[in-house]
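Taken in order, these protein sequences are the chains called A and B. With the working numbering as the guide, the letters of the first sequence map in order to residues 1256 to 1471. With the working numbering as the guide, the letters of the second sequence map in order to residues 40 to 267.
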Amino acid sequence: MASTIQELIAKRAAKEVQDGQMINLGIGIPTLVAKYVDNDNVYFHTENGMLGVIGVNEEDIDPNVVNAGKIPVGEAIGSSFFDSAQSFGMIRGGHVDVAILGVLQVDEQARIANWAVPGKNIIGVGGAMDLLIGAQKVIVTMTHTAKNGKSKILKDCTYPITSTRSVDTIITELAVFNYVNGQLHLVELMPEATLAQVEANTEAHFVNALEQEGHA
Amino acid sequence: MKVYDSAEQALSCVASGQTIMVGGFGLVGGPLTLIDALVELDVNNLTIISNNLGEQGKGLGKLLEQKKVKKAVGSYFTGNRDVGEAFQRGEIAIDLLPQGTLAESIRAGGAGIGGYYTKTSVGTDLAKGKETKIIDGEEYVFEKALKADVAIIRAHKADQLGNLVYYKTARNFNPLMATAAKVVIVEVDEIVAAGELASDAIITPHLFVDRVVIAKKVLTKEGVVEHG
């Protein structure tokens, strides 16, 4: 059972996963997605150099087997290890089917900001920009609003963008949006969420596609 | 390849003003013994190429604290607030690169490639000031190769020729850096006789490796443990 907002979002994101896919999970909510994927024919990639990431029990932890969040992970049957250049070659080269990422902001063109906050002395980008240009499909998992209550789905990102590439799907605790034909489409309301809530908490313009897709 | 008795001796070639590559993804695959010895050296104005720059006051973070770093090249300094603060004070220069660009630039440096075009970072702040080019209708950014005077890296085992094998996700940047520096210094868990490593399992052939020492600081489930 999804007990928190994060778990709820992760559980919904897991439904996007299709048989046979190679998937890269970012830090935070995306990491939670794996446990809701009930398919042995899905392979998790981590950019620090491993394909075949699974969960690990406390007693089996190997400190030298970690994911990109430096969290210990387990090894699936058929897993492999490789260096960082090959790992990012897989990403940029289009060999990773899906990237599921956390973001700080997303704009009306489904461009994301997730690597820098102006005025903060935190300097890092990691693999975010590579994943955005390389993954075949990008799914964003995020809370709909920031801690101060402001919408994170904006007309324009106020933080520096991660890529000019638009993401494909946005999943929050209130709604699921797809980016189609240059516009955000609201395609699904999350359990207990209302259209009024989504409208009140979304600064960006979006097309209400609920009826058309039979979710209303 | 030469085996050294101590990390201090292995680092005798390090001098002020040099560019040094340091392997590892955080502590995982980091040459922890060599980093601690590097911090003790009386050198300054170093350029450090490494994914991270340690944590506050730990590992490479100590080097920064001692004001021995002139420039840091890496992808993720988020784990060490000192980096941002030193940058704001103008004490260090920073080249922030996407992680895949960092890896590929090192690979290129080791392979005799001067630079290359990548789509990563196109249209973002990290592409500012960089040459761009349209290839087959898509925009790419030019990235220069990276090379160093010295690389300090971590491998699992070396044989007496200097052939290296790595351990699981402790591989990361290490085999790349082994190709891209004038002097390559490696710390390993074990040195075995030539012939003991399966030839088809060797990741870094010995022509890349100059100096080897046994690791004294090892990452365990309980944290970094020092032995012997």
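Cβ coordinates follow ideal geometry from the N, Cα and C atoms, glycine included.
Alpha-carbon spacing of residue i relative to residue j, whole angstroms
| i | j | result |
| --- | --- | --- |
| Thr1398 (chain A) | Ile242 (chain B) | 42 angstroms |
| Gly125 (chain B) | Ile74 (chain B) | Inspection of the sequence shows that residue 125 (chain B) is occupied by Ala rather than by Gly. Going from the Cα of Ala125 (chain B) to the Cα of Ile74 (chain B) covers about 20 angstroms. |
| Val1297 (chain A) | Val251 (chain B) | 40 angstroms |
| Pro1373 (chain A) | Val1361 (chain A) | 16 angstroms |
| Tyr206 (chain B) | Ala46 (chain B) | 21 angstroms |
| Glu1468 (chain A) | Val1351 (chain A) | Low confidence applies here, because Glu1468 (chain A) scores a pLDDT of 47, under 50, leaving its location unreliable; read the following figure in that light. Going from the Cα of Glu1468 (chain A) to the Cα of Val1351 (chain A) covers about 28 angstroms. |
| Gly1381 (chain A) | Asp1338 (chain A) | 15 angstroms |
| Gln95 (chain B) | Ala1451 (chain A) | 46 angstroms |
| Lys196 (chain B) | Val225 (chain B) | 10 angstroms |
| Thr157 (chain B) | Val112 (chain B) | 18 angstroms |
| Glu1454 (chain A) | Ala1430 (chain A) | 10 angstroms |
| Ile145 (chain B) | Lys1410 (chain A) | 38 angstroms |
| Arg193 (chain B) | Pro244 (chain B) | 15 angstroms |
| Val1311 (chain A) | Tyr1414 (chain A) | 36 angstroms |
| Lys169 (chain B) | Thr1259 (chain A) | 44 angstroms |
| Gly1275 (chain A) | Leu215 (chain B) | 30 angstroms |
| Glu1271 (chain A) | Val1393 (chain A) | 11 angstroms |
| Leu165 (chain B) | Asp44 (chain B) | 43 angstroms |
| Ser1334 (chain A) | Asn1463 (chain A) | 42 angstroms |
| Leu80 (chain B) | Gly100 (chain B) | 14 angstroms |
| Asp1423 (chain A) | Arg1347 (chain A) | 17 angstroms |
| Ala142 (chain B) | Glu182 (chain B) | 11 angstroms |
| Met1277 (chain A) | Gly1349 (chain A) | 11 angstroms |
Own chain, CB closer than 7 angstroms to residue i, minus 5 neighbours either side, in chain order
| i | result |
| --- | --- |
| Thr1457 (chain A) | Ser1406, Ile1408 |
| Tyr1248 (chain A) | The requested residue 1248 (chain A) does not occur in the structure, where chain A is confined to residues 1256 to 1471. |
| Thr58 (chain B) | Thr86, Ile88, Ala187, Asp188 |
| Ala1401 (chain A) | Lys1407 |
| Val204 (chain B) | Ala194, His195, Lys196, Leu236, Ala240, Ile241, Ile242 |
| Ala219 (chain B) | Met60, Ile145, Gly148, Gly149, Leu185, Lys186, Ala187, Ala190 |
| Gln1273 (chain A) | none |
| Ala1257 (chain A) | For Ala1257 (chain A), the pLDDT reaches just 48, beneath the cut-off of 50, and the residue's location in the model is therefore unreliable, although a value from the coordinates is still provided. Excluding sequence neighbours, Ala1257 (chain A) sits near Leu1263, Lys1266. |
| Ala1371 (chain A) | Tyr1414, Pro1415 |
| Ala76 (chain B) | Ala46, Glu47, Leu50 |
Residue i: contacting residues in chain A (beta-carbon distance under 7 angstroms)
| i | result |
| --- | --- |
| Thr208 (chain B) | Asn1303, Gly1304, Met1305, Asn1319, Val1320, Val1321, Phe1336 |
| Glu143 (chain B) | Ala1340, Phe1343 |
| Ile133 (chain B) | Ile1378 |
Neighbour list for residue i in chain B, Cβ cutoff strictly below 7 angstroms
| i | result |
| --- | --- |
| Asn1376 (chain A) | Arg120, Gly123, Glu124, Gln127 |
| Lys1392 (chain A) | Those do not exist, as Lys1392 (chain A) stays about 16 angstroms from chain B at its closest Cβ, beyond 7 angstroms. |
Chain B contact residues for residue i, given Cβ-Cβ distances below 8 angstroms
| i | result |
| --- | --- |
| Gly1382 (chain A) | Ser114, Pro137, Gln138, Gly139 |
| Ile1346 (chain A) | Gly139 |
| Asp1385 (chain A) | Pro137, Gln138, Gly139, Thr140, Thr159 |
| Ile1367 (chain A) | Going along chain B, no residue has its Cβ under 8 angstroms from Ile1367 (chain A), so there is no contact; the nearest lies around 11 angstroms. |
Alpha helix (DSSP H) segment containing residue i, residue limits
| i | result |
| --- | --- |
| Ser1342 (chain A) | 1339-1347 |
| Thr72 (chain B) | 71-79 |
| Val1453 (chain A) | 1450-1455 |
| Ile1284 (chain A) | 1284-1288 |
| Gly149 (chain B) | 138-149 |
| Leu215 (chain B) | 213-216 |
6 angstroms CB neighbourhood of residue i in its chain, flanking five on each side removed
| i | result |
| --- | --- |
| Ile1309 (chain A) | Gly1329, Ala1331 |
| Phe116 (chain B) | Leu92, Val122 |
| Asn84 (chain B) | Ser55, Gly56, Lys109 |
| Val257 (chain B) | Val264 |
| Thr163 (chain B) | none |
| Thr1301 (chain A) | Val1308, Asn1322, Ala1323 |
| Ser1342 (chain A) | Glu1302, Gly1304 |
| Gly1437 (chain A) | none |
| Leu66 (chain B) | Leu258 |
Residues of its chain near residue i, where Cβ-Cβ distance is below 8 angstroms and the 5 sequence neighbours each way are ignored
| i | result |
| --- | --- |
| Gly1357 (chain A) | Gly1281, Ile1282, Gly1283, Ile1284, Pro1285, Asn1369, Val1395, Thr1396, Met1397 |
| Val222 (chain B) | Cys52, Asp188, Val189, Ala190, Asp249, Arg250 |
| Gln199 (chain B) | Met40, Val42, Ile230, Val231, Ala232, Ala233 |
| Glu1428 (chain A) | Ile1260, Leu1263, Ile1264, Thr1398, His1399, Met1445, Ala1448 |
Span of the beta strand (DSSP E) around residue i
| i | result |
| --- | --- |
| Ser1334 (chain A) | 1329-1336 |
| Arg250 (chain B) | 250-253 |
| Ala1354 (chain A) | 1353-1356 |
| Thr159 (chain B) | Thr159 (chain B) -> no beta strand (DSSP E), and no H or E assigned at all. |
| Thr1301 (chain A) | 1298-1301 |
| Asp188 (chain B) | 187-193 |
| Met1535 (chain A) | Here chain A has residues from 1256 to 1471 only, and residue 1535 (chain A) is not among them. |
| Ile88 (chain B) | 85-88 |
| Ile1425 (chain A) | 1424-1426 |
CB contact check: residue i to chain D, cutoff 7 angstroms
| i | result |
| --- | --- |
| Thr259 (chain B) | Structure shown: chain D not included; protein chains present are A and B. |
Under 9 angstroms by beta carbon: chain B residues contacting residue i
| i | result |
| --- | --- |
| Ile1316 (chain A) | Lys260 |
Proximal residues of chain A, C-beta to C-beta of residue i below 8 angstroms
| i | result |
| --- | --- |
| Arg146 (chain B) | Ala1340 |
Listed from N- to C-terminal order along the chain, which residues in the region 1256-1272 of chain A have their beta-carbon within a distance smaller than 9 angstroms of any beta-carbon of chain B? none
Pull out every residue of the region 56-86 of chain B whose Cβ sits closer than 9 angstroms to any Cβ of chain A, in chain order. Phe64, Gly65, Leu66, Val67, Gly68
Listed from N- to C-terminal order along the chain, which residues in the region 1405-1435 of chain A have their beta-carbon within a distance smaller than 8 angstroms of any beta-carbon of chain B? Pro1415, Ile1416, Thr1417, Ser1418, Thr1419
Chain A contacts from the region 160-183 of chain B (Cβ-Cβ distance under 7 angstroms): Ser160, Val161, Gly162, Thr163, Asp164, Leu165
In chain order, what residues of the region 211-227 of chain B put their CB closer than 8 angstroms to some CB of chain A? Asn211, Phe212, Asn213, Pro214, Leu215
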